[in-house]
Amino acid sequence: MLQIHARKLAQRLLPVEQWTGIIAVSRGGLVPGALLARELGIRNVDTVCISSYDHNNQRELTVIKRAEGDGEGYIVIDDLVDTGGTAQAIRNMYPKAHFVTIFAKPAGRPLVDDYVVDIPQDTWIEQPWDMGVVLLNHCVNKINKSVFHERFR
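Reading the sequence shown from the start, the letters are residues 16 to 168 in my numbering.
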């Protein structure tokens with residue numbers, strides 16, 4: 016579904032010639048940013064790294080890294096606008112950017128220029144890249160080494 020939503024958003028952002036590049040908000044905007052860049056054929060992709068969530072808990076905003084400039088000619092993309100805290104920080108950093116999200120909750124909706132899907136304010140969205148907070152061993156570490164050596168000698 017995310018690809019379908021990104022394609023809908025991309026169609027609204029045509030013509031592509033008006034854009035210099037994309038700034039993806041890390042981490043939620045990375046996957047939507049990559050999808051949008053592909054749909055629009057934009058190769059100039061940068062990031063702004065803002066931390067505001069720790070698993071399910073919202074906390075104080077921290078800007079870890081920012082793309083240069085005021086956003087003129089850039090699309091800034093995040094997966095979701097929720098309460099508007101991150102969105103307001105984005106607006107302050109990039110006042111001339113076109114700010115879009117895939118999902119929008121009522122409290123943050125006025126802060127974005129465009130979005131695809133309305134989400135109720137009290138709904139938590141589980142994005143594919145956020146599911147399972149327990150890190151698993153890599154596949155190679157799970158293989159019984161004696162079986163591995165026996166089969167591949």
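Ideal placement from N, C-alpha and C gives every residue a C-beta, glycine not left out.
Every value quoted in this text rests on a predicted model; they were computed, and no experiment measured them.
Sixteen is the threshold: since fewer than 16 other Cβ atoms of the shown chains lie within 10 Å of the Cβ of D133, the residue is exposed. Comparing alpha-carbon positions, the option among D94, R106, H113, I140 lying closest to H20 turns out to be D94. Counting the other Cβ atoms within 10 Å of the Cβ of L76 gives fewer than 16, which makes it exposed. Excluding the 5 residues flanking it on each side, A104 has same chain C-beta neighbours closer than 8 Å at I65, L76, V78, in chain order. Setting aside the 5 residues that flank it on each side, Y130 is surrounded in the same chain by T116, A119, each with a C-beta closer than 6 Å to its C-beta; the list follows chain order. Collapsing the DSSP output to three states places I134 in coil. Listed in chain order, the non-local C-beta contacts of R22 below 6 Å within the same chain comprise E54, local neighbours out to five positions each way being set aside. In this structure, DSSP gives V127 a state outside helix and strand, which the three-state scheme calls coil. Residue pairing of I37 in beta bridges, as defined by DSSP: V60, I90.
At a Cβ-Cβ threshold of 8 Å, Y109 and I38 count as neighbours. Within its own chain, the residues whose Cβ lies closer than 6 Å to the Cβ of S41, once the five positions on either side in sequence are excluded, are T62, C64, listed in chain order. Here T101 carries a helix assignment [DSSP, helix/strand/coil]. Taking the Cα positions, L51 is about 22 Å away from G99.
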